[in-house]
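>
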Amino acid sequence: MEAPTYSSKQVAEMLGVTAKSIPAALRKDAYGPEDVWELRTTLNKFPPTAGLRRQLFLNFKGGTGKTSLSTSYAWRLAELGYAVLLIDLDSQGHATKCLGYEGEDFEKTLLDVLVRKTPLVQVVQKSTLPNLDFIPSNLSMSTVDLALMPMSGREFKLRNALKDVEAQYDFIVFDAPPSFGLLNLNALMAANDLFVPVLADFLSFHGLKLLFETVQSLEEDLNHVLDHVFIVVNSFNATFKLAKEALEALQTHYPEYLLPTIIRQCTKFAQASSEGRPVFVADPTSKGASDIQAMLDNVLPRLVAAHAAAVKAGTATKAG
Numbered sequence: 001m002e003a004p005t006y007s008s009k010q011v012a013e014m015l016g017v018t019a020k021s022i023p024a025a026l027r028k029d030a031y032g033p034e035d036v037w038e039l040r041t042t043l044n045k046f047p048p049t050a051g052l053r054r055q056l057f058l059n060f061k062g063g064t065g066k067t068s069l070s071t072s073y074a075w076r077l078a079e080l081g082y083a084v085l086l087i088d089l090d091s092q093g094h095a096t097k098c099l100g101y102e103g104e105d106f107e108k109t110l111l112d113v114l115v116r117k118t119p120l121v122q123v124v125q126k127s128t129l130p131n132l133d134f135i136p137s138n139l140s141m142s143t144v145d146l147a148l149m150p151m152s153g154r155e156f157k158l159r160n161a162l163k164d165v166e167a168q169y170d171f172i173v174f175d176a177p178p179s180f181g182l183l184n185l186n187a188l189m190a191a192n193d194l195f196v197p198v199l200a201d202f203l204s205f206h207g208l209k210l211l212f213e214t215v216q217s218l219e220e221d222l223n224h225v226l227d228h229v230f231i232v233v234n235s236f237n238a239t240f241k242l243a244k245e246a247l248e249a250l251q252t253h254y255p256e257y258l259l260p261t262i263i264r265q266c267t268k269f270a271q272a273s274s275e276g277r278p279v280f281v282a283d284p285t286s287k288g289a290s291d292i293q294a295m296l297d298n299v300l301p302r303l304v305a306a307h308a309a310a311v312k313a314g315t316a317t318k319a320g
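Numbering-wise (the UniProt record's numbering), the sequence shown opens with residue 1 and increments by one.
Laid out in C-alpha cells, this is it:
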C-alpha cells in the first residue's frame with residue numbers, strides 16, 4: 001500500500017487545529033505521513049496521554065468484522081498522534097493484509113518470539129505511518145498453541161516479550177483469531193482493555209457468554225483483571241427488524257459494557273479491507289470511518305481520565 005496523502009483540512013483535523021493556524025511556511029497542497037508527523041512535532045500538537053494501553057480485539061464467534069475494525073482503529077490512533085503497535089495474532093494474516101502487506105513476505109512472526117525466543121524488536125515492522133508499527137502473521141502461526149503447550153509460564157509469554165518494546169508505544173493493539181487457545185490466553189493476560197466486536201444478531205449472545213465466562217475465570221484463577229471491556233456493535237443495519245431487537249437485547253443484558261457508538265454497515269469499509277487498506281485511507285468520509293472516529297471519541301476521554309485519576313492517586317503503573 002502506498003503512503004496516503006492528506007489535505008490541509010484533514011491535517012488540521014488530525015492535529016486538532018484550524019487550517020488557518022498552520023504557519024504559512026508549513027502549508028502544502030498535500031501532506032504525506034512524514035510531513036504530518038514533522039508538522040505535529042513542530043507545533044507540539046500531541047494527543048493527551050492515556051498511559052500505555054494494551055488492547056485486545058477478540059470474539060470467539062467469527063465473522064464479526066473484528067479485523068477490519070481493529071486495524072482501522074489502530075490506524076486512526078496513529079493518525080491522531082499516538083505511537084501504536086498492531087500485533088497480528090491470526091495465522092490467516094488478515095490484519096497484516098489490511099495494512100497492505102502479505103504475511104508470507106515476512107520471515108519472522110510472533111511464533112519466533114514466543115517459541116524460539118527471538119527478541120520482539122527483531123520482528124517489528126514499519127508501516128507507511130511513521131508512528132504505526134506492526135508484527136505480521138502468516139500460516140506459520142498456526143502451530144503456536146501446540147508449541148506453547150509444554151512450556152512453563154506459557155500464559156505469560158506474550159506479556160513478558162512485550163516488556164522489551166512497550167515503552168516505545170502509547171497503544172499496543174492485538175487482533176486475535178476467533179478461537180480460544182493458548183495464544184489468545186496470552187493476549188488476554190497481556191491486555192488491559194478488551195474490545196468485543198459483535199453483530200446485532202442473537203447468535204452473538206452465545207459467543208459473548210463464553211467470552212465473559214473466560215474473562216471471569218482469568219480473574220479467579222490467574223488474578224488478572226481487565227481495566228475495561230467494551231462491546232462494539234459492528235456492521236449494524238437499522239432496516240432489519242431482527243438487528244434492532246438484538247441491539248435492544250444487548251442494551252438490556254450488557255448495559256455496562258456496550259459502547260453507545262454503533263458501527264453501521266458500510267460497503268466501503270468492507271471493500272477497503274479486501275483491498276488491503278484501512279477505511280481512513282480508502283474513504284475517510286465514509287460511514288465506517290465516521291463511526292470509528294465516534295467510537296474513539298467515546299473511548300479515549302475515558303482512558304485519558306482514568307489515567308489522570310490514577311496518576312493523581314499515585315496508583316498509575318507503566319501499563320496505564
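Here a beta-carbon is modelled for each residue, glycine too, at the ideal position from N, C-alpha and C.
Just so it is clear, the structure is predicted and the values come from calculations on it, not from any experiment.
1) Please determine if the segment 18–38 and the segment 204–222 are in contact, where contact requires at least 3 C-beta pairs separated by less than 8 Å.
2) Between the C-alpha atoms of residue 222 and residue 48, what's the straight-line distance to the nearest angstrom?
3) With the cut-off set at 8 Å, would you say residue 26 and residue 45 are in Cβ contact?
4) Confirm, please, whether the CB-CB distance from residue 169 to residue 229 is below 8 Å.
5) In three-state DSSP terms, what is residue 127?
6) Do the segment 181–191 and the segment 68–82 meet, that is, are 3 or more Cβ pairs less than 8 Å apart?
7) When you compare only the Cα positions, how much space is there between residue 277 and residue 67?
8) Give the single residue among 120, 130, 94 whose Cα lies nearest to the Cα of residue 380.
9) Who pairs with residue 31 in a beta bridge, going by DSSP?
10) Can we say the segment 1–20 touches the segment 149–164, given the rule of at least three CB pairs closer than 8 Å?
11) Quick one: give me the first and last residue of the beta strand (DSSP E) that residue 22 is part of.
12) Counting Cβ pairs, one atom from each stretch, are 3 or more of them under 8 Å apart for the segment 262–274 and the segment 290–298?
13) Using the Cα positions of residue 173 and residue 57, report the straight-line distance between them to the nearest angstrom.
14) Out of 120, 113, 135, 265, point me to the one whose CA is closest to residue 105's CA.
15) Give the DSSP bridge partners of residue 194, in chain order.
16) Which whole runs of the alpha helix (DSSP H) in the segment 93–151 are 4 residues long or more, in chain order?
17) Could you check what DSSP says for residue 85 in three-state terms: helix, strand or coil?
18) Given that a residue counts as buried once 16 or more other Cβ atoms are within 10 Å of its Cβ, and exposed if not, what is residue 29?
19) What are the boundary residues of the alpha helix (DSSP H) that includes residue 239?
20) Between residue 54 and residue 191, how many whole angstroms is the CB-CB distance? I'm expecting something under 8 Å.
If we stick to the structure as given:
1) no
2) 32 Å
3) no
4) no
5) coil
6) no
7) 12 Å
8) This structure gives no information on residue 380, because the portion of the chain shown stretches from 1 to 320.
9) 6
10) no
11) It is not in any beta strand (DSSP E) - residue 22 carries neither H nor E in the DSSP assignment.
12) yes
13) 8 Å
14) 135
15) 56, 229
16) 94–98, 110–114, 144–148
17) strand
18) exposed
19) Unbroken run through residue 239: none, as it is neither H nor E.
20) 5 Å
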